[in-house]
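Participant: Mind having a look at this structure? Questions to follow.
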Amino acid sequence: MSQPELKTESVGTVLVAGAANLAIAVAKLVAGVISGSAAMLSEAAHSVADTTTEVLLYQALRRGARPADQRHPFGYGKESYVWAFFAAMFTFVAGAGFAVTHGVTTILVHEHSGDYLISYIVLAVSFVIESISLARALRQVRSESKRWGTTPRRFLRLTADTTVKAVFLEDSAALIGLLLAAAGVGLSHVTGDEVWDGIASILIGLLLLTVAGILAGNNLSLLVGRAVPERLRHEIEQELTGLPEVERIDTLMTMQLGPDDILVAAKVDFSDEATGAAIEATADEAERRLTERYPEIRYVFLDPTRSLPGATGRARHTQADPAAGDEPHRP
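In case it helps, full-length UniProt numbering puts the sequence shown at residues 1 to 331.
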């Protein structure tokens with residue numbers, strides 16, 4: 001069985017986003033200190049959080065791609081979700097916490113004491129850089145969704161590759177955050193009332209809370225052991241029931257072991273006339289068919305089971321993901 005490899009495209013997406021966020025964080029911090037803008041400082045915290053997130057996501061890719069060993073026979077794919085969960089929590093605590101707190105403080109006591117021009121310049125440059133990073137992530141999303149024959153939106157909703165999802169959501173949130181910061185700074189500049197700057201900072205914090213919550217929930221679901229989407233599960237069932245010696249599938253269970261690792265286990269009712277050799281050959285053929293059609297399927301376990309009274313060709317009980325609907329795997 002082949003082992004997971006470090007995905008070059010995902011690594012490239014993470015590195016581009018990390019480099020962009022680091023450069024932007026420095027620029028925003030300088031602008032925030034000089035201008036005294038709460039929204040700019042919140043955006044600096046936003047970019048620092050995103051930069052740290054990219055480091056953690058790179059760690060997720062690297063650690064999750066390690067091959068299986070004796071102590072971890074199913075590999076380290078789930079470890080990528082641990083690091084991605086840490087990344088979401090850092091965004092929640094460092095980015096959102098600072099932005100909301102600083103925004104409230106600004107509304108209550110802060111007086112603007114610096115130049116607005118540098119804030120406008122940094123916001124404009126940051127928007128261009130973040131757009132380039134988002135374009136890279138969007139290109140990968142479109143490529144993957146086209147490969148799986150689905151829409152980019154559905155791909156993002158169902159994909160087990162949390163690094164791509166995280167970069168896309170964070171870059172999208174970064175652009176929205178820049179627009180909020182620009183609105184806050186602009187309104188404060190025009191009205192002379194710093195409350196708009198503080199409100200923008202709070203909104204940026206709430207935006208980060210939303211993104212962090214989505215990513216944390218997604219990674220927790222995968223850590224617990226999420227099944228593949230319903231459409232893929234149905235296709236796997238069809239492949240198995242199409243084998244010549246298989247009468248029916250009694251139970252079909254799937255689990256996402258990593259971004260590119262799927263486990264398939266099934267109780268199979270083989271033909272009563274099938275010999276032991278025929279059953280072995282059928283099991284080998286099942287694994288060959290499934291892994292050939294879906295390279296992400298790395299483990300296939302078939303358990304011969306006795307037929308039940310009144311059984312039909314359909315599975316009596318199969319695992320399904322009600323939230324997934326009739327959608328492809330990653331899809």
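Just so you know, even glycine gets a beta-carbon here, dropped at the ideal spot from N, CA and C.
Taking Cβ positions, are A266 and I279 nearer each other than 8 Å?
Facilitator: No; because the gap between Cβ atoms is not below 8 Å, this pair is not in contact.
Participant: To the nearest angstrom, how far is it from the Cα of A183 to the Cα of I199?
Facilitator: Answer to the nearest angstrom: the Cα atoms are 10 Å apart.
Participant: My output table needs one value for L263: the three-state DSSP class, helix, strand or coil.
Facilitator: Strand.
Participant: State the DSSP-derived secondary structure class of L257, mapped to helix, strand or coil.
Facilitator: Looking at L257 - three-state DSSP - the assignment turns out to be strand.
Participant: In three-state DSSP terms, what is D171?
Facilitator: Helix at D171.
Participant: Once DSSP output is grouped into helix, strand and coil, what is the label at L203?
Facilitator: Looking at L203 - three-state DSSP - the assignment turns out to be helix.
Participant: With contact counted as at least three CB pairs below 8 Å, one residue from each stretch, are the region 185-203 and the region 53-71 in contact?
Facilitator: These segments do not touch.
Participant: Would T275 be called buried (16 or more neighbouring beta carbons within 10 Å of its own) or exposed?
Facilitator: Answer is exposed; the Cβ neighbour count stays below 16.
Participant: With distances taken between CB atoms, is the gap from A283 to L257 smaller than 8 Å?
Facilitator: Cβ atoms of A283 and L257: not closer than 8 Å.
Participant: Looking only at C-alpha atoms, which of V30, L215, S131, E230 sits nearest to K165?
Facilitator: With distances taken between Cα atoms, K165 lies closest to L215.
Participant: Check whether the Cβ atoms of V300 and V264 lie closer than 8 Å to each other.
Facilitator: Contact flag set, yes.
Participant: Could you tell me if V108 is buried or exposed, where buried requires 16 or more neighbouring beta carbons within 10 angstroms of its beta carbon?
Facilitator: Sequence check: residue 108 is Leu here, not Val. That one is exposed.
Participant: What does the alpha-carbon distance come out to for the pair Q59 and V14?
Facilitator: For Q59 and V14, the distance between alpha carbons rounds to 10 Å.
Participant: So for V211, helix, strand or coil by DSSP?
Facilitator: Three-state DSSP puts V211 in a helix.
Participant: Check this for me: beta carbons of A96 and A212, under 8 Å apart or not?
Facilitator: Cβ atoms of A96 and A212: closer than 8 Å.
Participant: Find the nearest neighbour of P229 within the set N219, T210, L187, T254, judged by alpha-carbon distance.
Facilitator: Of the candidates N219, T210, L187, T254, the one whose C-alpha sits nearest the C-alpha of P229 is T254.
Participant: Measure the alpha-carbon distance for L203 versus I236 and round it to whole angstroms.
Facilitator: Going by the C-alpha atoms only, they are around 45 Å apart.
Participant: Might you give, ordered along the chain, the residues of its own chain that have their beta carbon closer than 7 Å to the beta carbon of L290, omitting 5 neighbours on each side?
Facilitator: I236, E239, V264, I297, V300.
Participant: Could you tell me which of S42, P259, H234, T105 sits nearest to Y76, measuring between CA atoms?
Facilitator: For Y76, the nearest C-alpha among the options comes from P259.
Participant: What residues match up with F270 in a beta bridge as DSSP calls it?
Facilitator: DSSP output for F270 lists V246 as bridge partner(s).
Participant: What number of angstroms, rounded off, separates the C-alpha of A19 from the C-alpha of V125?
Facilitator: Between A19 and V125, the C-alpha separation is close to 14 Å.
Participant: Going along the chain, which unbroken runs of the alpha helix (DSSP H) with 4 or more residues stay wholly within the region 115-195?
Facilitator: Listed in chain order, the complete alpha helix (DSSP H) runs (minimum 4 residues) inside the region 115-195 are 117-147, 152-158, 162-191.
Participant: Taking the straight line between their C-alpha atoms, what separation do you get for H234 and V246?
Facilitator: Their Cα atoms are separated by approximately 16 Å.
Participant: For S271 and L252, I'd like the C-alpha separation in whole angstroms.
Facilitator: Each residue's Cα considered, the two are about 18 Å apart.
Participant: Hey, how far is the Cα of P304 from the Cα of A68?
Facilitator: Near 26 Å, if we compare the C-alpha coordinates of A68 and P304.
Participant: Can you tell me the Cα-Cα spacing of V78 and I121, whole angstroms?
Facilitator: Looking at the sequence shown, residue 78 is not Val but Lys. Their Cα atoms are separated by approximately 42 Å.
Participant: If you follow the beta strand (DSSP E) that V300 is in, where does it begin and where does it stop?
Facilitator: Its beta strand (DSSP E) spans residues 297-304.
Participant: Which same chain residues, not among the five before or five after S172, have their C-beta less than 7 Å away from its C-beta?
Facilitator: Once the five neighbours on either side are set aside, the close Cβ partners of S172 are L134.
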